[in-house]
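Residues in the sequence shown are numbered consecutively from 2, following our numbering.
Glycine included, C-beta positions come from ideal geometry on N, C-alpha and C.
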Amino acid sequence: MKIDYFISYLTIGLISISFFSGFALLFFYNPITPLKSVENLTLFSLGGSFFRKLHYFSSEASLILVITHIVIESIKKNPKKSINKNQYIVASFALFILILLMFTGFVIKADLSGQSAMLVAENIIKKSYLINFLLPLFKDPQNTVFRFYIMHISILPVLFTFLVLKHAKAVSLKKEFCSIALAASLILTVILKQPEDIIKIEQTKELLKGPWFFYGAENMLMFNFPVDLVVVIILFPFIILSLYPFLQNNKKILNYTLLAWVLFYGAISLV
2 MKIDYFISYL TIGLISISFF SGFALLFFYN PITPLKSVEN LTLFSLGGSF FRKLHYFSSE
62 ASLILVITHI VIESIKKNPK KSINKNQYIV ASFALFILIL LMFTGFVIKA DLSGQSAMLV
122 AENIIKKSYL INFLLPLFKD PQNTVFRFYI MHISILPVLF TFLVLKHAKA VSLKKEFCSI
182 ALAASLILTV ILKQPEDIIK IEQTKELLKG PWFFYGAENM LMFNFPVDLV VVIILFPFII
242 LSLYPFLQNN KKILNYTLLA WVLFYGAISL V
């Protein structure tokens, strides 16, 4: 089996593990008292901490493999079967929805880092001319976490599943790859530590941060980048990926453009 198909099947398996463990967490989490329920889930619920770690690491691994899959497809020189234009666009949108899924998951834990990430997102939307139509999501702050929760457990998963099924018509859920995905997730759960929830500011000497893929946006704002420029930079890779089927003769230029974006965003994320 070719590496791109192996990664695709394994990614589908990891996404399934993430969805299953997320469903299990529904029985522990209460969006009305999010921080208290996360604390109870982690410290006192039988199996709550395990499913939370399983959900976290399977989701992180899914995102990394989706990005890996996109990189492999982008650098292929002469694919035997050309992907149609819709599949490129669907794949770009699916990656965007997956990142939104993970961002909303980070926010709904409602600790100080989750609250900080939500506040940064709200300020970006408030000050942006491009995406300020999203501001109603933050109307009535007491219900914002609940709105993100509804998005996280229903709207975004359904949309993501639809996009994956539309994109990966030739790839199905296979038991052997689900087993590999489960084993890999369990190993990560055992050997790695999930980032600690920040309940009190005294727990950290560093600035509060959002999820790792949001570091670059936060740092650009710290360096006083114009807000709409930050929005464009965030959306830039998804736009470029959507252009691949229309600019096949300039694929190398698109690859170098994406590489430049990765180097820039990676560098500013580490500052």
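Quiz item: Under three-state DSSP, which class holds Asp5?
Solution: helix
Practice problem: Taking 9 Å as the cut-off, decide whether the C-beta atoms of Val39 and Ala111 are in contact. | Solution: yes
Quiz item: Mapping DSSP to helix, strand and coil, what is Gln195?
Solution: coil
Quiz prompt | Of the listed residues Leu157, Phe239, Thr190, Phe224, nearest to Ala92 (C-alpha basis) | solution = Phe239
Quiz item: Is the distance from the Cβ of Ser60 to the Cβ of Leu102 below 9 Å?
Solution: yes
Quiz prompt | Every unbroken alpha helix (DSSP H) inside the stretch 129-211 [4 residues or more] | solution = 145-151, 157-168, 176-192
Quiz item: Apart from the five residues just before and just after Ile76, which ones in its own chain have a Cβ nearer than 8 Å to its Cβ?
Solution: Asn256
Self-check item: From Glu219, Gln143, Leu236, residue whose alpha carbon lies closest to that of Leu271
Solution: Among Glu219, Gln143, Leu236, the Cα nearest to that of Leu271 belongs to Glu219.
Quiz item: Comparing alpha-carbon positions, which option in Tyr30, Thr12, Tyr6 lies nearest Ile151?
Solution: Tyr30
Practice problem: To the nearest angstrom, report how far apart Glu207 and Ser114 are at their CA atoms. | Solution: Their backbone Cα atoms lie some 11 Å apart in a straight line.
Practice problem: Evaluate the contact criterion for the stretch 54-68 versus the stretch 179-190: three or more CB pairs, one atom per stretch, below 8 Å. | Solution: yes
Quiz item: Between the C-alpha atoms of Ile65 and Tyr266, what's the straight-line distance to the nearest angstrom?
Solution: 16 Å
Quiz item: Under the three-state reduction of DSSP, which class applies to Phe1: helix, strand or coil?
Solution: Residue 1 is absent from the model: the chain starts at 2 and stops at 272.
Quiz item: So, helix, strand or coil for Pro32, using DSSP?
Solution: Three-state DSSP puts Pro32 in coil, outside helix and strand.
Self-check item: Nearest candidate by alpha-carbon position, reference Ser155, set Leu11, Ile8, Phe7, Leu27
Solution: Leu27
Quiz item: Between the stretch 33-48 and the stretch 7-18, do three or more beta carbon pairs fall short of 8 Å?
Solution: No, the stretch 33-48 is not in contact with the stretch 7-18.
Quiz item: Rounded C-beta distance between Ser243 and Ile90? I'm assuming under 8 Å.
Solution: At roughly 5 Å, the Cβ-Cβ gap stays under 8 Å, so Ser243 and Ile90 are in contact.
Quiz item: Considering Asn256, what are the terminal residues of the alpha helix (DSSP H) in which it resides?
Solution: 252-271
Self-check item: Endpoints, alpha helix (DSSP H) assigned at Lys54
Solution: 49-76
Quiz item: Smallest Cα separation from Lys201: which of His168, Gln116, Tyr216, Asn124?
Solution: Gln116
Quiz prompt | Selection from Ile192, Val165, Val231, Lys253 that minimises the alpha carbon distance to Ser129 | solution = Val231
Quiz item: Got a sec? Which residues, its chain only, sit under 7 Å from Leu164 by beta carbon, not counting five neighbours each side?
Solution: Val91, Phe94, Ala95, Ile98
Quiz item: Can you tell me the Cα-Cα spacing of Lys54 and Ala118, whole angstroms?
Solution: 20 Å
Quiz prompt | CB of Ile241 within 9 Å of CB of Gly217, strictly | solution = no
Practice problem: Determine, using beta carbons only, whether Pro212 and Phe45 come nearer to each other than 9 Å. | Solution: no
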